Structure formats: structure tokens, C-alpha cells
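Going line by line, the protein sequences match chains A and B.
Residues 1 to 295 (our numbering) make up the first sequence, in order.
Residues 1001 to 1318 (our numbering) make up the second sequence, in order.
Don't be surprised by glycine CBs; every beta carbon is placed ideally from N, CA and C.
As the structure is a prediction and not an experimental result, all values here were calculated from the model.
What follows is a short report on a single structure.
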Amino acid sequence: MAVALAQSSMAARLTGARVGRRRTAVDRSMRTIAMAAAFLCAAPLVAVLFFVAAKGLSALSLDLITKPPKALGIGGGAANAVVGTLQMVPLAALIAVPVGVLGAVYVGEFAGRRSARIIRFCADVLVGVPSILIGIFVFTFLVLPFKQFNAFAGAVALAVIMIPVVMRTTEESLHLVPNALREASLALGVPVWRTVLSVVLRTGMPGILTGAMLAFARAMGETAPLLFTALGSRVVNVGDFGRPMDALPLFIYVNARQPVDALNEQAWGAAFLLLLVVLVINVAVRARSWGRRIG
Amino acid sequence: MTQAGVAAARFGRAASRFPDLVFRSSSRALAWLTVAVLGLLGVLLFLNSREALEKFGLGFITGTTWDPIAGIYGALPFIVGTVLSSFIAVVIATPIGLLTAIFLAELAPRRVSIPLTFTIELLAAIPSVVFGLWGVFVLGPFLSGTVEKWIVDAFGWIPIFAGPPFGVGLFAAGVILTLMILPTIVAISRDVITAVPDSQREAMLALGATRWEMITKAVLPYARSGIIGAVILGLGRALGETMAVTMVIGNRPQVPSSIFDSSQTIASQIATTFNEASLGLQTSALIGLGLILLVITMTLNVIARLLVWRVAGAPEGH
């Protein structure tokens, strides 16, 4: 790139004439505009972080994490939501990670070209399906027949969102495992399934974990698929997956829509918690893979 | 591509012993589960919306009245709201996103492009509901006092720009959507631009072009279909985005006449009314809305993927 830069400015110098000067001016101004656009793109993140931190920190208190909302009136905290998120998202991961990883093993290691393409394509399309439709989808077979909103349906909806993400990232990291490792293992007489589990998957583990963590973070922030499945709840629900359960994003949504300042403040506090966890996971995971890419 | 062909079936049919067969077929079942989920999604939405679709036929799409009390359901206001809010987002996000991608891929030194790329990736990680919260309490009031006011002052005589601006409505939803689709457009356009072979750039520079000329005359034409794909993927994301839009669009089920009007998208209508809907025709009609959304987003996604693959190669091309 540096060579290209030197070349272009030399070319500009050689043409020299008035036309050349106009062209250089266009070049320079457009490059400045492109740079401005790039910084403009980064600005919203700063703005969102600033306001969530400013408004969220003042709403943050021990009550927010330890107390459920008061049964009557205003007050209490978001314990119902914290506890709900901490149950539904791990359950979703428990469903999605094995399905996604093994699915990727099939696509990357066993499948013929045609079926690999079809499955990959469907996974990509599934990533693009609006999450609210995933909510309706799960509603039709896990809520409607039982006439009962339940946390299990919420976890399944989140899992459906996670599966294609886990699958695609796992497959990408399987591609990076050198074939020599597979051949060496097979040559030693290790059966294929052991080779996949203890050689291929183990070598690809950092990439698989990256994908799983990013999917986890994404599921934590999802609201729409929970609206018609887990529904939300004002009481702390521990372990009863047959009943409604709250989650942090649901809590934020519901409280932000109330015309009461105290409730809006709680929404900011919950948003601070949620964003903190989501960003920490993202930064940690991405910083590591960035480090590897640069180093 | 040849390498991908080899990689596609590493073990092939080598797995023949019993435990291997079990492992292989269970992983195959789980892989095809993804395909099944996608198919089932369409089938279940269709079956559960049949009541409304059969009753109203094509009128379901063209009808402008959505009245649960009278039992009349027409989806047009929501289709218009969805398309307009996403259109606003794409109009704002495309130039900014493309310029950003150009800057990151072609112009910026690594020590600038790496942290910037990182920041923009993080923008995509912010949960939709947090964007919504910020949109309602920060962005909306800001817009109504600045950008929206300026537009109304300058162009208010044109009906579609008529005020008053509230900071809640189609335009605010469009701006929030812009922020949410920018990372998609930037990331994919950047990948596509990076995939343009260096020989294209070198040839252009050797002819004496400036860098900007090289970008617009050699790089962008080569990457064009991929960039269009990136924009369409962004559009697909905007069309289906729910929470942030629901919180800032104003939730009024009418065909809007100005971009500052309150409106309602398909997704936000489902989000706000599904739980209170009576089972039967109303629920069926809402799921019918979902089906329309599914058809639109899936079509766009398929087109976009094919376009991106044309430039950057199918995903197996590692």
C-alpha cells in the first residue's frame, strides 16, 4: 500500500498540468471525505456508550441486582430479569452449541459438496431471518399447544438464533485445521470419530469458543424472540421453565415504555448491566482474535 | 476453489466402522436440522396464517384498514412503514458505509484502520433494545431539535417533509436503523473491496491515475455486485429489525403522509399487539404479516448472498 501511495503521488507530480492539479484536488478532498465518513461511523458507538454509562451508572445500585420489582407500586430492582437471563441464555447455549458444532463437523468434514452448500446456504439465510419471526415460529409449537408462555420456549427461540452463528464460525475454524493432522491421526489407526473429537475439534477450539461466545452475547441482547415465548415476569423465577420468565432486554423494553421516570431510570440501569456484559464478551473475544490476526 | 473441493469431503466415506457411522449420521442429522428449521419456519407461519390469508386473499396485502374490532385486516400501512423506514436507512447508510469501507480497505494506515474496524464491529454488538432506549430518550429529542427542524424549515412546503417534527416517527426510526445496518454494509463492502485483485489497482496506477481515480474506476466497478449485495443485506436487516424501531416509530397503524409522521412497521406491529391479540383471526392476521416479512427478507437475503459470492467467492473458498 505504501508503495502504491508513493506511485500515485509520483504519477500526480508527473502529469503536472492544470488538469493534474484539479485531479489531485479531487483526490485529496474525496480521501478526506472518506476519512470523515469513517469517523462518523464510529461516533454512534461513543454516543451510545456515553449515555448508557452516564444514565445507567446513577441508576445502578445493589437493589437493582438483588431485588425484584415491587408487587404493587414502583420500586425494587431487576433481579427477576438478571436471574432469567442467567438461566435462559445458558440453556439456549446448551442446546445450540452441540447442534451447531456437530452440524459444522458434518458440513466441513463429511458432507459432499452439494449438501455442504445447501446447509451452509440455509444457515446463512437463517441468520438473516428477523428474530421476531423466530419468536412466532417457536410460539406456534411450544406455546400455542400448551396455552402457556414458558421459559423453555424462550430458550429454544434463543437457541435457534445461536445455532447458525455457532455453525458458521465453527466451520470456518475447522477449515484452518491442517489436513496433515487428520492424516497423521488416521494413520495411527485412530477412528474417524476420535480424530474429529480429539484432533480436529481440539485444534479448532479457540475459533469455536470465539463463535460460541459471540453467539452467547448476541442471545443475551435479544428481546424480540422472547416477547411471545418467555413473555417476561415480575416475579423471580428460578428453575421453572414451564412458566414465564423475565430477561434483561425484556425488562429494559417494558420499563422504557412506562411514562414514569423511576421506571425509565431502572431501564437505563439494566441497559448498563446488559451492555457491560455484552461488550466485555465482545471485546475480550475479538481482541484475542485480532491479536492473532495482527501477530 | 479447487482447494475447497478437496476440503469439502475430508473424510468422505472413510467412516465405515460402527461408532464412526453413528457419529457421522448424528452430525448429519444435526446439520440438516438447520435446513429443517428454516423449512419448518415457513410452513408453520403459513399454516398459522391460513385463516386470514384465505379470508382476505390478495386484499390482505393491499388493504389499508387494520381494525381488530371490525375484524378487517389489511397489511398495507405496515408494509409501507417497513419499506419507508428501511429506505431512509439505506439512503443514509449507503454513502457513509461505502466511503468508510473505502477508507478502511484502501486509504487508512493499519494503525488507524484496525481500531476503527474494531469500533464499528462493536457497534453491531449493541443490543437492539439498548439502541431503542437511547433512541427514545437521547436521539429522538436531539433530532427533533436539529436535523428534523432544519429539514422542515427548508423543505416543509413539500408534503412528505411536512412537520411538526417530534423526534418520534419514520425519520427517527430510519436514523436508528442507519446505525444498525452501517456495520453490515461497512464490513461486507470492505471484504469485497479487499478481494479485488491488486493487478486492477496496479494497472490503473500505472496509467497515471490518482488514488481516488483508481478506486472509482478500477476497484469499485470490479466490486460493484458485492457492494450491492452488502447494501441489500443491510436492507434485509433493516426490514426485520424490531425492538429499536418499535420504540421510536410512534406505533400508529396508518399509511404515513410525511417522513416525520408516526408509523408502524410489520415487525413493530407484531411486537406491540401480538400478545394482546385474540386467538383466531387476529393472531392469524399477525402471523400473516410475519409471513410477508419472511418472504421479503428471505428473497433479499438470497439475492444478496449470490451477489456477494460473485465477487468475494463462495464461503468455502478458504
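Closest Cβ-Cβ distance between A/G76 and chain B: below 9 Å? no
How would you list, in chain order, the residues of chain B whose beta-carbon sits under 9 Å from the beta-carbon of A/A256? Per Cβ cutoff of 9 Å: V1129, G1132, L1133, V1136, F1137, M1247.
Among B/G1240, B/L1045, B/D1067, B/V1091, nearest to B/S1268 - alpha-carbon criterion: B/G1240
Out of curiosity, what's the CA-to-CA distance linking A/T24 and B/T1210? 7 Å
Compute the distance between the beta-carbons of B/G1074 and B/G1057, then report whether it is under 9 Å. No. Outside cutoff.
Threshold first: 4 residues or longer. Then list the alpha helix (DSSP H) segments lying entirely within the region 1199-1229 of chain B, N to C. Taking only runs of at least 4 residues, the alpha helix (DSSP H) segments lying wholly in the region 1199-1229 of chain B are 1211-1214.
Would you say B/L1041 and A/F137 are within 9 Å of each other, going by their C-beta atoms? yes
Chain B within 9 Å of A/V19, Cβ atoms only: no
At 7 Å on the CB atoms, spell out the chain A contacts of B/T1194, in chain order. Under the 7 Å cutoff, chain A gives no residues; its nearest Cβ is about 11 Å from B/T1194.
Beta-carbon of B/V1276 versus every beta-carbon of chain A: anything under 9 Å? Sequence inspection shows Glu at residue 1276 of chain B; the Val mentioned does not correspond to that position. Chain A, which has no Cβ nearer than 9 Å to the Cβ of B/E1276, makes this no.
May I ask you to report which of helix, strand or coil DSSP gives B/W1066? strand
Who are B/Y1073's beta bridge partners in DSSP? B/W1066
Please state whether DSSP places A/P69 in a helix, a strand or coil. strand
B/F1274 to B/S1113, Cα distance in whole Å? 44 Å
Alpha helix (DSSP H) segment containing B/F1046, residue limits: 1018-1056
Can you list, in chain order, the residues of its chain whose CB lies under 8 Å from that of A/N264, leaving out five sequence neighbours each side? N255, A256, Q258
Among B/V1196, B/M1243, B/G1234, whose alpha-carbon lies nearest the alpha-carbon of B/P1221? B/V1196
Own chain residues within Cβ distance below 8 Å of B/V1006, not counting five before or after: Because the pLDDT of B/V1006 is 39, which lies under 50, any placement of that residue in the model is unreliable, and the number read from its coordinates should be weighed accordingly. Within the same chain, B/V1006 has no close Cβ partners at all.
Rounded separation between A/V278 and A/L214 - CA only: 9 Å
How many Å lie between B/V1219 and A/I281 at the Cα? Cα-Cα distance, rounded: 35 Å.
Compare the C-beta of A/S131 with all C-beta atoms of chain B and state if any pair is closer than 9 Å. Taking Cβ atoms only, chain B reaches closer than 9 Å to A/S131, which makes this a yes.
Throw me the rounded Cβ distance for the B/V1130 and A/V48 pair, which I believe falls under 8 Å. 7 Å
Just tell me which of B/N1301, B/L1281, B/L1294 has its CA closest to the CA of B/I1069. B/L1281
Rounding to the nearest angstrom, what Cα-Cα distance links B/F1155 and B/G1163 in this structure? 10 Å
Show which residues of chain B have a CB atom less than 8 Å away from the CB atom of A/I95. Within 8 Å Cβ-Cβ: nothing; A/I95 doesn't reach chain B, min ~11 Å.
Excluding five sequence neighbours on each side, which residues of the same chain lie with their C-beta closer than 7 Å to the C-beta of B/T1065? So the list reads I1072, G1074, once near-sequence residues are dropped.
What are the start and end residues of the alpha helix (DSSP H) that includes A/Q87? 79-105
For the alpha helix (DSSP H) containing B/N1301, list its first residue and its last residue. In this chain, the alpha helix (DSSP H) harbouring B/N1301 covers 1281-1312.
When the Cα of A/F149 is compared with those of A/A180, A/M245, A/M205, A/R22, which residue comes out closest? Minimum Cα-Cα distance from A/F149 among the listed residues A/A180, A/M245, A/M205, A/R22 corresponds to A/M245.
Does any residue of chain A bring its CB to less than 9 Å from the CB of B/D1191? no
If you draw a straight line from the C-alpha of B/I1185 to the C-alpha of B/L1104, how long is it? Spanning the two alpha carbons is a distance of roughly 13 Å.
Proximity test, Cβ basis, 9 Å: B/E1121 and chain A: yes
Using a Cβ cut-off of 9 Å, pull out every chain B residue sitting near A/G221, in sequence order please. What A/G221 touches in chain B: A1125, I1126, P1127, S1128, V1129, V1130.
Terminal residues of the alpha helix (DSSP H) in which A/S173 lies: 151-175
Cβ pair count under 8 Å reaching 3, the region 1166-1178 of chain B against the region 1197-1208 of chain B: These segments do not touch.
The region 98-115 of chain A contacting the region 265-277 of chain A, beta-carbon criterion three pairs below 8 Å: Verdict: no, contact absent.
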